[in-house]
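Novice: Once you've had a glance at the structure underneath, I'll fire off some questions.
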Amino acid sequence: MPDDIRVLIRSNPDIVTARQEGRALAALTGFGATDATLIATAISELARNIVSYAGQGEIILRIVENNPAKGLMIISRDAGPGIRSVDDAMRDGYSTSGGLGLGLPGVRRLVDEFTIESVLGRGTVVRATKWLR
Amino acid sequence: MEVPILKQGRYLIATIQAALSDEDLQQLRRTLLERVIQFRSRGVIVDVTSLDVMDSFATRTLRDITYMIRLRGADTVIVGIQPEVAFAMVQLGLTLEGVATALDLEEGLAHLEQRARNSS
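In the order they appear, the protein sequences are chains A and B.
Sequential numbering from 1 applies to the first sequence in the working numbering.
Sequential numbering from 1001 applies to the second sequence in the working numbering.
This is the structure:
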């Protein structure tokens, strides 16, 4: 299995880098154009949350295997303020910044598996996996 | 990467490239509005054919652009949203409410012409 791809997210241009890396890895994994776009879009949203709410963090892209299934896992990790209520953040339309919200329910719809761990004052880790069909 | 803006008669055509950052989008919003005022443009086409991701920020900015230009009395059409991009937008829950869209540049221009005829 190839090594993880790690993209540091510190400012807006890093969002573009992360989603381009994601699209390239998706193609390499064997995903078609539609799934690659869903993956790239999910990365874009997660990376944007890092920039907007945590300031900096990283996106890790990992090819995962669960015989015989193969997939791509996006890990978004930051040491930001954390999310007060993950349940609220996972509801459509919820926002703490008056914008479009964290977009987390949307990201969950783009992938097959989605987990989120957030600790106030410690940071947030999101894992989103798309399986190859 | 700056978005090239072409003046075609009464219209402006902005062609977005794939690696579009948030700054590029904000720059586009500023520049388009300036040009619409400068050239007294009647319509604007934003061609997103090359854009491979339309996330929440891109969607919101395109919607803002359309609303701002409308306040100047000009129309905006977004053309060339790729099928997989449209699919991702809907999954993500993004909408372009009140924003005109068309298949490609040609249909976008036809839409602007139609609007110009109806209002004259």
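Note that beta-carbon positions come from the ideal geometry of N, C-alpha and C, so glycine has one too.
1) For B/Thr1049, I'd like the list of residues in its chain whose CB is within less than 6 angstroms of its CB, leaving aside the five on either flank, ordered along the chain.
2) Listing by chain order, which chain B residues have their CB less than 8 angstroms from the CB of A/Asn12?
3) Where do the ends of the alpha helix (DSSP H) carrying A/Thr29 lie?
4) Between the C-alpha atoms of A/Lys130 and A/Glu58, what's the straight-line distance to the nearest angstrom?
5) Determine, using beta carbons only, whether B/Ala1086 comes closer than 7 angstroms to chain A.
6) Can you tell me the Cα-Cα spacing of A/Glu135 and A/Val107, whole angstroms?
7) Taking buried to mean at least 16 other C-beta atoms within 10 Å of its own C-beta, is B/Gly1073 buried or exposed?
8) Please tell me whether A/Arg122 has its Cβ less than 7 angstroms away from any Cβ of chain B.
9) Measure how close the beta-carbons of A/Gly55 and A/Thr124 come, nearest whole angstrom, since I'm counting them as under 8 angstroms.
10) How many angstroms separate the CA atom of A/Asn70 from the CA atom of A/Thr34?
11) If you drop the 5 nearest sequence neighbours on each side, which residues of the same chain put their C-beta closer than 6 angstroms to that of B/Asp962?
Specialist: Let's see:
1) Your numbering for residue 1049 of chain B matches position 49 in the second sequence. Leaving aside the five residues that flank B/Thr1049 on each side, the residues in its chain whose CB is nearer than 6 angstroms to its CB run, in chain order, Gly1080.
2) Counting from one through the first sequence, the residue named residue 12 of chain A turns up at place 12. Ordered by position in chain B, the residues that pass the 8 angstroms Cβ test against A/Asn12 are Ser1021, Asp1022 and Glu1023.
3) Here the question's residue 29 of chain A lines up with position 29 in the first sequence. Taken as a continuous stretch (DSSP letters only), the alpha helix (DSSP H) holding A/Thr29 covers Asn12 to Thr29.
4) Within the first sequence, the letter at position 130 stands for residue 130 of chain A. Within the first sequence, the letter at position 58 stands for residue 58 of chain A. So the alpha carbons of these two residues sit roughly 19 angstroms apart.
5) Here residue 1086 of chain B corresponds to residue number 86 of the second sequence, with the count starting at 1. It does not: the Cβ of B/Ala1086 has no partner Cβ on chain A nearer than 7 angstroms.
6) As shown, chain A starts at 1 and ends at 133. That puts residue 135 of chain A outside it, with no answer to give.
7) Indexing the second sequence from 1 puts residue 1073 of chain B at position 73. Of the other Cβ atoms in all chains shown, fewer than 16 fall within 10 Å of the Cβ of B/Gly1073; this residue is therefore exposed.
8) As a first step, residue 122 of chain A is located in the first sequence; it is residue number 122 there, counting from the start. Chain B, which has no Cβ nearer than 7 angstroms to the Cβ of A/Arg122, makes this no.
9) For the purposes of this step, residue 55 of chain A is taken as the residue at position 55 of the first sequence. For the purposes of this step, residue 124 of chain A is taken as the residue at position 124 of the first sequence. In fact, because the Cβ distance is near 12 angstroms, the residues do not count as touching under 8 angstroms.
10) As a working note, residue 70 of chain A is residue 70 in the first sequence. As a working note, residue 34 of chain A is residue 34 in the first sequence. The residue asked about is misnamed: residue 70 of chain A is Lys in this sequence, not Asn. Rounded to the nearest angstrom, the two C-alpha atoms are 17 angstroms apart.
11) Residue 962 of chain B lies beyond the residue range present for chain B, which begins at 1001 and ends at 1120; the question has no answer from this structure.
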